[in-house]
Amino acid sequence: MSYNLKENVMKEDRLSGGHRMCAGCGSPIAVRTVLRALNPEDHAVVCSATSCLEVSTFMYPYTSWKDSFIHNAFENAGATISGVETAYRAMKKRGKLDETWKFIAFGGDGGTYDIGFQSLSGAMERGHDMVYVCYDNEAYMNTGIQRSSSTPHFADTTTTPVGKVVPGKPQQKKNLTKIMVAHGVPYVAQTTFIGNFKDISEKAHKAIYTPGAAFLNVMAPCPRGWRYPSEKMMEVTKMAVETCVWPLYEVVEGKYILSYKPKEKKPVEEYLKMQGRFAHMFKPGNEWMIEQAQKEVDRNWEELLKLCDM
Amino acid sequence: MGIRERLSGNEAVAYAMKQINPDVMGAYPITPSTEIPQYFSAYVDNGEVDTEFIAVESEHSAMSTCIGAEAAGCRAISATSSCGLCYMTEMLYVAASDRLPITLAVSCRALSGPININNDHSDAMGVRDAGWLMLFAETNQEAYDNYLQAMRIAEAVSLPIMICQDGFITSHAIENIELVETDKVKEFVGEYKPQHFLLNKDEPMAVGAYATPVYYMEAKRQQAQAMMDAKDVIRKVGAEFGEMTGRSYGLIEKFMMDDAEEAIVIIGSSAGTAKEAIRELRAQGKKVGLIKIRSFRPFPAEDICEALKNVKAFAVMDKDDSFNAHCGPMFAEVSASLYAAGISAPKGINYIYGLGGRDVRVESIQHVFAELEKIAATGETGETYRYLDVRE
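Chains X and C, in that order, give the protein sequences.
Number 261 in my numbering belongs to position 246 of the first sequence; there are no gaps in the numbering.
Number 276 in my numbering belongs to position 188 of the second sequence; there are no gaps in the numbering.
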């Protein structure tokens, strides 16, 4: 069935409004879109790592989640949802339920790339029938914009402040999507908010309905941490894709498939200049940083094209 | 009547798990509890149980999967020791506050460092404030019996439970044991029917809320109440178990305490050694006795006060240390129990003993009683914080 934005947004929201996330935050957009990819008749258990998302959507005695929901801790969304999914198989085997349930875990990049990495890796390796969705905003935003292994090179964060001798984060961003591919799981995809949300919606549907473990990496900007006007989010994500900073692709049974190839790859500064966290890179004398950032984007993009046989 | 067997403590616990046939086990190997998931996965792979076994990548994930599975509506179990229990610690608190009656078998072992694989109680005592029910066994038989009672107790008060035994001393030593017939076990343990659970299509549920200061304390107060309520449940289930097997259980066990003037308070397998020491001393006409704590959480304060109130001197034996330059955790709790009850006559001292598998001999315990005899005679305790059988 072809994707239709109008029909898609007419589906009932499974995350209700009135939660406490910041205006313009990418995370609840990722959540809503992924949950809309569930067949409306299917039940789901949603898990969230401790994060902005968790503390803002489930503050006792209120919950924004219409599905069953479990928050356990920061570093164990992968293991927690594996426990729930295993319980489902146990109960189904013993005839205690017969309806269809789906299992979706959400974590920020801190809870996914860093502290929850082992738990995620274990869950992927064991092959539970689940989807892990990382909403990647490239730093620890809940605690106040500290660097994570997902933070891009040179970004200004509160633990990599631009100082007199260290110009922002000294290391490159970890490529978690490829690490997840290395687990040999049936479905891995990288996506963000583009145009009519076709890319993320279709990938979410595939991730949920591919039997076995699936991983979805969603660039979900944080206007506070990235320092851009919140109404510009869709421009920022679009530029991330057009500059190939955040390429859209999926890996189905180990086969890399590029979802979108820009007609003309835009220079990385088009993306960097939109965000305050990279402002220092544009100061006189810092041209080398932009050159370096471009080299890194080019290398990753070339590698990805090769993997996609292009 | 029961089935006579010879089993190690680990195998006895694994066998109890098999008889119960729980829904989900999440576990990770660590000496000396490794055998439990090992025996159990053999039951799984041979089709002797239909439990789903999750071989996770860490103890942290073992407890995390148990939390997920129990919240989903299942009976979830695990087993661990030592550093593994430490690594689970964060999740132990979550399991208790989520009020999930998970059952965890613990074969107690020392903590690093120096790294050591032998028995003491540092691991279990280190998590004593996590909100779990904690039962300790002296023998393989007790480890097995406690395990069969665990779910009944935990599910009645919605708290998770640890079934502790001494690493190697009971976990690996083979003893005669009387097993309960599986049909009787199943009837005794019953089905798990949670009121609320994640996989309930008629009523979605949210677990693990963020609670502001307006609500947090009420959640904790309810946990405290459940722990208090557990005392009667443990007694009731222990009595019912006795009706079935002839082996009744309470919160503590008293050994030759009726006319005792000197007593030791002890936990775990060393109680067996201490009983032998007491038999020998009784043969010499000495009025000595023992209190064995079975339930460390909830702490049997009233029972201990009642048992100790008439002794002249007692020693609390801690197989671990609090490193507070003062006393071990059990001495602190026993003393607090007596003080709160207004009992001040018995003189109490504390021994730290058996750390990292240091052998506890009959003579070791007799040395403790010799010291107690002096204290009873003089009324002078001297140093109350003492190490037993150590080179200084």
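For each residue, glycine too, the CB sits at the ideal point set by N, CA and C.
Judged by DSSP secondary structure, W303/X falls within the alpha helix (DSSP H) whose first and last residues are 302-322. Close to chain C, meaning a Cβ-Cβ distance shorter than 7 angstroms, is no residue of the region 31-52 of chain X at all.
When DSSP reads this structure, Q253/C sits in a beta bridge with S195/C.
Listed in chain order, the beta strand (DSSP E) runs fully inside the region 296-335 of chain C amount to none, counting runs of at least 3 residues. Under a criterion of Cβ atoms nearer than 7 angstroms, no residue of chain X is adjacent to G135/C; the nearest Cβ is some 12 angstroms distant. Counting along the chain, the unbroken beta strand (DSSP E) around W116/X starts and ends at 116-123.
Assigned with DSSP and collapsed to three states, S358/C falls in helix. Here the alpha carbon of F384/C sits roughly 12 angstroms from the alpha carbon of G338/C. For the options M195/X, V99/X, P236/X, the alpha carbon positioned closest to that of G39/X is the one of P236/X. Think of a sphere of 9 angstroms around the beta carbon of E230/C: no beta carbon from chain X falls inside it, the nearest being about 29 angstroms out. Sorting Y155/X, T173/X, G159/X by C-alpha distance to the C-alpha of S165/X places Y155/X at the top. Apart from sequence neighbours up to five positions away, the residues of its chain that approach M106/X with a beta-carbon distance below 8 angstroms are L112, ordered along the chain. For the alpha helix (DSSP H) assignment, the uninterrupted runs of no fewer than 4 residues enclosed by the region 257-289 of chain C are, from N- to C-terminal side, 270-277.
Residue state for Q133/X is assigned as helix, using DSSP reduced to three classes.
At a cut-off of 8 angstroms between C-beta atoms, S66/X does not count as an interface residue with respect to chain C.
As the crow flies, the alpha-carbon of N87/X is around 16 angstroms from that of L247/C. Excluding sequence positions up to five before and after A102/C, its CB lies within less than 6 angstroms of the CB of I124, Y127, F128, all in the same chain and listed in chain order.
With 16 or more other Cβ atoms inside 10 Å of its own Cβ, R446/C counts as buried. In the assembly as shown, N19/X is an exposed residue. Its beta-carbon has fewer than 16 other beta-carbons within 10 Å.
Residue contact with chain X for Y131/C: absent (no Cβ-Cβ distance below 8 angstroms to any residue of chain X).
In terms of beta-carbon proximity, N91/X lines the interface with chain C, with at least one pair separated by less than 8 angstroms. In the same chain as A64/X, and ignoring 5 residues on each side of it, the C-beta atoms closer than 6 angstroms to its own belong to F89, A92, G122, G126, G131, in chain order. Pairing A218/C with T177/C gives a Cβ-Cβ distance under 8 angstroms. In this structure, the CA atom of H198/X is about 9 angstroms from the CA atom of G142/X. Under the three-state reduction of DSSP, C154/C is assigned to helix. According to the DSSP assignment, T206/X belongs to the beta strand (DSSP E) that extends over 202-207.
For E265/X, the number of other beta carbons within 10 angstroms of its own is at least 16, and it is reported as buried. Note on H148/C: 16 or more other CB atoms within 10 angstroms of its CB, so buried under the neighbour-count rule.
The shortest CA-to-CA distance from Q186/X to any of I209/X, T207/X, R162/X is the one to R162/X.
C-alpha of P55/X to C-alpha of L263/X: approximately 26 angstroms in a straight line. The residue among C171/C, G135/C, Y116/C, P120/C with its C-alpha nearest the C-alpha of C154/C is Y116/C.
Under a criterion of Cβ atoms nearer than 7 angstroms, the residues of chain C adjacent to T101/X are, in order, V112, E140, I142, T153, A157.
Residue-level contact check: A197/X does not touch chain C, since none of the beta carbons of chain C fall below 8 angstroms from its beta carbon. The residue among G442/C, Q283/C, G296/C, E471/C with its C-alpha nearest the C-alpha of D208/C is G442/C. At a cut-off of 8 angstroms, the C-beta of R29/X has no neighbouring C-beta in chain C. Taking CB atoms only, H414/C has no neighbour in chain X less than 8 angstroms away.
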